[in-house]
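Asker: Quick one: structure below, then a few questions.
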Ligand code: TRP
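In the working numbering, the protein residues as written are -19 to 430.
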């Protein structure tokens, strides 16, 4: 067993770990990306597949990452080097660092929008506007280009600031208080959304699955969304796992994080779809679906002005606790493997990220030429990282834990060397060994063949 190094950060309390890992998981993936994906992939059919994937593949993958991180006490690259020296396994860690870098570059674009929308809501910019006007504003904002880039840069700077301060003082402190408030506001919004005229149609869309809509594309999108939303497949949870203390229960931590994440995604769906149908926004509206629907809901709420501000502030915070985990993977790698100082690593990672991120933001202008394979760079980066790198990483991670680490080390880690009673550990290992790899591989191939 690796000795925990004294100079490594660790999360101070049980609630701290759950909050920080949940902070990583809960973000734009739940409130922005989930409704977009569900809207584009048949609503209810997507939701069913998504839930099954989360349960059968997401939880085992997250637990596997925790197991790797806590037993190795290192960043993703270092973890594989330590647990599997002189093998090719560290490649999985490198893939993760690259994947985190890519995700951060387009994630920070949308994170920047949350800042723009805070400013808009403080200025009472949405007041009295109808759908057409709100949609126009959103399009105008994209076409400005430079404004997106500026907000994105500010967001990356904020992320860098928290990451530079270190784990215990940074991540944990913010995540603990603010996530429950976000949940509360979503509930308020959900109630309003459900009482709008025509809301029922939206509920039907989300909860009444048309099974004929389940195609290879839906499967791979649901898999990508599940991994994206849970922050698994690229080592963020390996990194966070490395900060979890030896006497904490990895299984219950993975379960709580998944539960919180899934709850927030479903709630976001309950907020967005009834309102979108009521206002006449198509579920396939893509980037505009959430950013156009929300202001319209706030216009329908007493005290909507204040709720709107608070909501976008919290959305920005939720995004921040996620970008922190993405940047932390890259920084932890720079510090521990390349022996950079934490400050230097943070600066280099942020600047490099901006260099790619600029193009992701600018690629959303109407008529852009910043495209890869016919997709705007923004969408291409998202597709490549979420639907290809994350499933591939997730597959390799469960294979590593199931087959390379082996039964003894797995049981030792999940039971805290026998301290924790885990009756289902055999079942979990069976899923990690057989079911998860086969299912991920099948979905992956069926999606790629399309
Ligand atoms: N899970 C976050 C969200 O839903 C995004 C995120 C943070 C992420 N860290 C990650 C996605 C690591 C994949 C891998 O918003």
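Built from N, CA and C at the ideal position, the CB exists for glycine as well. This one's a predicted model, so the numbers in the text were calculated from it and none came from an experiment.
For residue 230 and residue 35, which I take to be in contact (beta-carbon distance under 8 Å), what is that distance rounded to the nearest angstrom?
Answerer: Wrong, their Cβ atoms sit about 17 Å apart, outside the cutoff.
Asker: Any heavy atom of the ligand TRP closer than 6 Å to the CB of residue 214?
Answerer: yes
Asker: Measure the Cβ-Cβ separation of residue 422 and residue 371 and say whether it is below 7 Å.
Answerer: Inclusion of residue 422 and residue 371 in the CB contact set at 7 Å is not warranted, their separation being larger than that value.
Asker: Once DSSP output is grouped into helix, strand and coil, what is the label at residue -16?
Answerer: Residue placement at residue -16 is flagged as unreliable, the pLDDT there being 43, under the threshold of 50; the coordinate-derived value follows with that caveat. Reduced to three states, the DSSP call for residue -16 is coil.
Asker: Where does residue 65 sit, in a helix, a strand or coil, going by DSSP?
Answerer: coil
Asker: By the DSSP assignment, the alpha helix (DSSP H) with residue 369 in it spans what residues?
Answerer: Where residue 369 is concerned, there is no enclosing alpha helix (DSSP H), given that its DSSP letter is neither H nor E.
Asker: To test your reading of the DSSP string, which unbroken alpha helix (DSSP H) runs of 4 or more residues are found completely within the segment 67 to 150?
Answerer: 70 to 102, 111 to 124 and 126 to 145
Asker: Which of helix, strand or coil does DSSP assign to residue 352?
Answerer: DSSP, read as helix, strand or coil, puts residue 352 in strand.
Asker: Please confirm whether residue 166 and residue 247 have their CB atoms less than 7 Å apart.
Answerer: At the C-beta level, residue 166 and residue 247 come within 7 Å of one another.
Asker: Quick one: residues in its chain with C-beta nearer than 7 Å to the C-beta of residue -15, no 5 flanking neighbours on either side, listed in chain order?
Answerer: Confidence at residue -15 is low in this model, with a pLDDT of 45, below 50, so its placement is unreliable and the value that follows should be read with caution. Closer than 7 Å at Cβ, skipping near neighbours: 53.
Asker: What is the DSSP secondary structure of residue 223, counted as helix, strand or coil?
Answerer: Three-state result, residue 223: coil.
Asker: Once you ignore the five residues that flank residue 137 on each side, which residues in its own chain have a CB closer than 6 Å to its CB?
Answerer: none
Asker: Quick one: Cα of residue -18 to Cα of residue 40, how far?
Answerer: Residue confidence for residue -18 is low, a pLDDT of 43 falling below 50, so the modelled location carries little weight; the figure read from the coordinates is stated next. Cα to Cα, the separation comes out at about 23 Å.
Asker: Find out if the Cβ-Cβ distance for the pair residue 269, residue 108 is shorter than 7 Å.
Answerer: no
Asker: Out of curiosity, what's the CA-to-CA distance linking residue 214 and residue 368?
Answerer: Using only the alpha carbons, I get a separation of about 11 Å.
Asker: Could you tell me whether the Cβ atoms of residue 143 and residue 328 are closer together than 7 Å?
Answerer: no
Asker: Report the rounded CA-to-CA distance for residue 360 versus residue 352, giving the unit in angstroms.
Answerer: C-alpha separation (whole angstroms): 6 Å.
Asker: Compute the minimum distance between the beta carbon of residue 3 and the heavy atoms of the ligand TRP, and state whether it is under 6 Å.
Answerer: Not under cutoff, so the answer is no.
Asker: Whose C-alpha, out of 306, 90, 180 and 199, is nearest the C-alpha of residue 140?
Answerer: Selected option, being the one with the closest Cα: 306.
Asker: Just the Cα atoms here: how many angstroms apart are residue 276 and residue 259?
Answerer: 8 Å
Asker: Is there a C-beta anywhere in chain C that falls below 7 Å from the one on residue 426?
Answerer: No chain C is present in this structure, which holds just one protein chain.
Asker: Check this for me: beta carbons of residue 11 and residue 365, under 7 Å apart or not?
Answerer: Not in contact: residue 11 and residue 365 (Cβ atoms no closer than 7 Å).
Asker: For residue 412, count the other beta carbons within 10 Å of its own beta carbon; 16 or more makes it buried, fewer makes it exposed. Which is it?
Answerer: buried
Asker: Between the segment 388 to 402 and the segment 221 to 235, can you find at least three pairs of beta-carbon atoms closer than 8 Å?
Answerer: In short, these stretches touch, since the Cβ pair count reaches three.
Asker: Just to confirm my understanding: we take residue -2, look at its own chain, exclude 5 residues before and 5 after, and list those with CB closer than 7 Å. What are they?
Answerer: 233, 236 and 237
Asker: Compare the Cα-Cα distances from residue 72 to each of 388, 418 and 373 and report the closest residue.
Answerer: Answer by Cα proximity: 373.
Asker: Let me make sure I understand the geometry here. Which of 56, 47 and 330 has the alpha-carbon closest to that of residue 133?
Answerer: 330
Asker: Quick one, which of 33, 241 and 316 has its alpha-carbon nearest residue 2's?
Answerer: The option with the nearest alpha carbon to residue 2 is 241.
Asker: Mind checking which residues open and close the alpha helix (DSSP H) that includes residue 231?
Answerer: 230 to 259
Asker: With a CB to CB cut of under 6 Å and the five nearest residues on each side skipped, what residues in its chain are close to residue 207?
Answerer: Cβ within range, chain order: 213, 370 and 374.
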